[in-house]
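Numbered per the UniProt record's numbering, the sequence shown spans residues 1 to 454.
In this text, a Cβ means the ideal position worked out from N, Cα and C, and glycines have one as well.
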Amino acid sequence: MSLTPPDDLSDADATRCLSTSPRTSTTAPRAKPQSYPSPPRVFSRITRFLHSPSVAERDLAVRVSHCQYYSREITRALKLCERQRRRYSYNPATCTLRLYSMVSPVHQSISEFVSEMSGQMVRADWLDRAELMRLNTGQRRSKLLTANYRRLCDTHKPPAWEKDPDACFNYKEKPGFPSRTRVVFELGFSESYVDLVNDAHQWLLKSLHVQLVVLIKFTEDKAACLHQKKAREKEINELVWQFGNEHARQRLEESDPAFAARGVAEKQADEQSLRTGQKRKHRQHDDVSDMSLYEAVESSVTIEDWVGPLDVFMEFWRLHDGEPEVDGSRMQILPAPDADTKPAIRITDLIASPIGPDDREWVFDIAAYRTTLEGSLRELATWRALDYCRPGKDKHEAEDDDLFKTEFSSDREDHETDGEADPCTPLSGNASGDAILEGTRRSKRLKRDVTLDE
């Protein structure tokens with residue numbers, strides 16, 4: 001089956017992702033020792049990352065040698081990640097330790113929809129009762145084969161590669177044995193299409209049971225979102241004044257004389273209340289942990305002020321003659337087309353040996369997923385509005401030296417190679433090596449990369 005490279009892939013990327021299977025052995029050269037920060041510094045940076053706001057759309061990527069990965073300090077840091085249920089991964093092929101941010105609303109949309117889909121299958125009597133008892137949608141870590149991995153040093157056995165999907169269908173073939181992941185859903189918001197294609201290859205080639213990988217790629221027009229914010233500056237400033245913390249309101253007073261006057265008037269009113277013996281009135285929603293604050297912002301935000309126009313498409317990937325390929329054509333989700341396509345999940349995708357008829361198919365309802373996504377986008381807009389209205393003061397973030405570089409990965413979609421490219425190419429944490437250890441996760445995420453300068 002021939003494939004046409006998508007617009008967001010260069011010729012080199014298209015050749016690498018669509019024609020070449022990522023099963024080649026790793027040949028990455030060893031990085032120079034001076035390119036690695038010390039384990040104590042890595043521990044300090046990780047602990048600061050874990051205390052950052054949960055709404056921050058950021059990841060942390062640090063260069064760590066294979067031997068350093070087993071050090072006492074980094075082992076302690078990863079235990080802290082597990083306590084917070086933060087997903088992490090280590091790629092020994094590129095010596096990159098990556099910590100993922102908290103689950104994002106956009107990624108939650110697919111897990112929510114898959115759960116709804118499972119319930120619909122039950123209500124429609126599409127599954128045999130015996131099949132129903134063995135099928136589940138719980139997120140499950142899967143071990144992927146690492147036969148082609150070549151160790152980078154002789155000190156330790158390389159860690160196994162374990163991978164978590166954004167959502168999945170699992171089936172228990174035999175009583176008393178664990179469920180096996182059969183259908184995987186991978187959603188990319190800040191991840192590049194190249195990264196998603198690589199995920200599909202790894203699932204289909206290195207998992208013994210996965211039959212179908214559904215890729216959903218989001219592209220946000222951030223320039224249009226910025227233009228919208230400038231056009232609605234007055235309304236956004238009012239939102240900040242109403243729900244912002246002291247730091248945000250002070251910033252607003254310094255930039256706008258009208259809000260400075262309102263701030264003076266509020267202080268004078270407070271002083272007058274104190275002189276008359278009245279208790280000082282605390283501002284409404286002054287506590288960021290107050291659920292009423294979240295709900296008030298949620299009902300007040302305009303989604304277009306905080307989330308740019310989205311282009312969203314979906315692809316079904318299956319094995320054809322032993323090679324991963326797109327099954328059918330690319331399907332548009334947003335903007336909504338005139339007529340939605342009707343991709344189908346086969347019963348044999350879910351169950352190796354169905355008890356009932358083996359020609360059953362369940363249509364993935366794109367229109368229904370679009371409706372689920374609308375609620376997730378409002379939640380994402382609320383996250384971003386809260387982050388803007390109630391900024392923190394992370395003095396440590398500004399103290400990072402030249403070993404750490406902070407950026408949003410959605411603004412730059414680089415990807416790791418298998419070691420065959422220029423060793424000075426910046427890393428973005430793509431799981432392209434043949435051995436990655438992934439820790440507990442909540443989900444994939446909107447990203448910030450903190451990478452080492454080579």
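Supposed close pair residue i, residue j - CB separation, criterion 8 Å
| i | j | result |
| --- | --- | --- |
| A248 | V240 | 5 Å |
| L319 | L204 | 5 Å |
| Q68 | Y36 | 6 Å |
| residue 489 | E73 | Residue 489 cannot be examined here, being either before or after the span of the chain that is shown, 1 to 454. |
| D166 | I110 | 5 Å |
| L50 | R98 | So it is not a contact: roughly 14 Å between Cβ atoms. |
| V106 | S376 | 5 Å |
| D59 | S101 | 6 Å |
| I303 | A381 | 5 Å |
| V197 | M314 | Incorrect: roughly 13 Å between the Cβ atoms, too far for contact. |
Those residues which DSSP pairs with residue i across a bridge
| i | result |
| --- | --- |
| I74 | Partner(s): none; I74 has no beta bridge. |
| W317 | V213 and V326 |
| V307 | In DSSP, V307 forms no bridge with anything. |
| A296 | DSSP output for A296 lists no bridge partner at all. |
| K163 | S142 |
| R168 | In the sequence as displayed, the identity of residue 168 is Cys instead of Arg. Its beta-bridge partners are V184. |
| V103 | Answer by DSSP bridge pairing: none, since V103 is not bridged. |
| V312 | F218 and L334 |
First and last residue of the uninterrupted beta strand (DSSP E) at residue i
| i | result |
| --- | --- |
| S89 | Y88 to N91 |
| A339 | Counting along the chain, A339 falls outside any beta strand (DSSP E), and DSSP gives it neither H nor E. |
| R134 | Where R134 is concerned, there is no enclosing beta strand (DSSP E), given that its DSSP letter is neither H nor E. |
| R63 | L60 to R63 |
For residue i, the first and last residue of its enclosing alpha helix (DSSP H)
| i | result |
| --- | --- |
| L127 | From DSSP, L127 is part of no alpha helix (DSSP H); its letter is neither H nor E. |
| T96 | Per DSSP, T96 belongs to no alpha helix (DSSP H); it is in the beta strand (DSSP E), T96 to L99. |
| R141 | That residue, R141, is in no alpha helix (DSSP H); it is neither H nor E in DSSP. |
| V264 | P257 to R275 |
| R41 | P39 to L50 |
| Y69 | H66 to Y69 |
Beta carbon proximity, residue i to chain B, threshold 9 Å
| i | result |
| --- | --- |
| P354 | No chain B appears in this structure, which consists of one protein chain only. |
Exercise. For the segment 170 to 249, which segments carrying the beta strand (DSSP E) assignment without a break, of at least 3 residues, lie completely within its bounds, in sequence order?
Worked result: Counting only runs of 3 or more residues that sit fully inside the segment 170 to 249, the beta strand (DSSP E) segments are 180 to 188 and 212 to 220, in chain order.
Exercise. Within the chosen definition, does the segment 329 to 344 reach the segment 297 to 312 through at least 3 CB pairs nearer than 8 Å?
Worked result: Judged by Cβ distances under 8 Å, the segment 329 to 344 makes contact with the segment 297 to 312, as three or more pairs qualify.
For this session: Taking only runs that begin and end inside the segment 319 to 387, name each unbroken alpha helix (DSSP H) of 4 or more residues, in chain order.
Result: Runs of the alpha helix (DSSP H) inside the segment 319 to 387: 347 to 350.
Problem set entry | Stretch pair the segment 198 to 218 + the segment 292 to 303: three plus CB contacts closer than 8 Å | No, they do not touch.
Exercise. Does the segment 116 to 134 touch the segment 354 to 372, meaning 3 or more C-beta pairs lie closer than 8 Å?
Worked result: Because the criterion of three Cβ pairs below 8 Å is met, the segment 354 to 372 and the segment 116 to 134 touch.
For this session: Decide if the segment 166 to 176 is in contact with the segment 185 to 193; the criterion is three or more beta carbon pairs, one per stretch, under 8 Å apart.
Result: At 8 Å Cβ cutoff, the stretches touch.
Exercise. So, do the segment 217 to 232 and the segment 338 to 349 have three or more beta carbon pairs nearer to each other than 8 Å?
Worked result: By the C-beta criterion, the segment 217 to 232 is judged not to be in contact with the segment 338 to 349, since fewer than 3 inter-stretch pairs fall below 8 Å.
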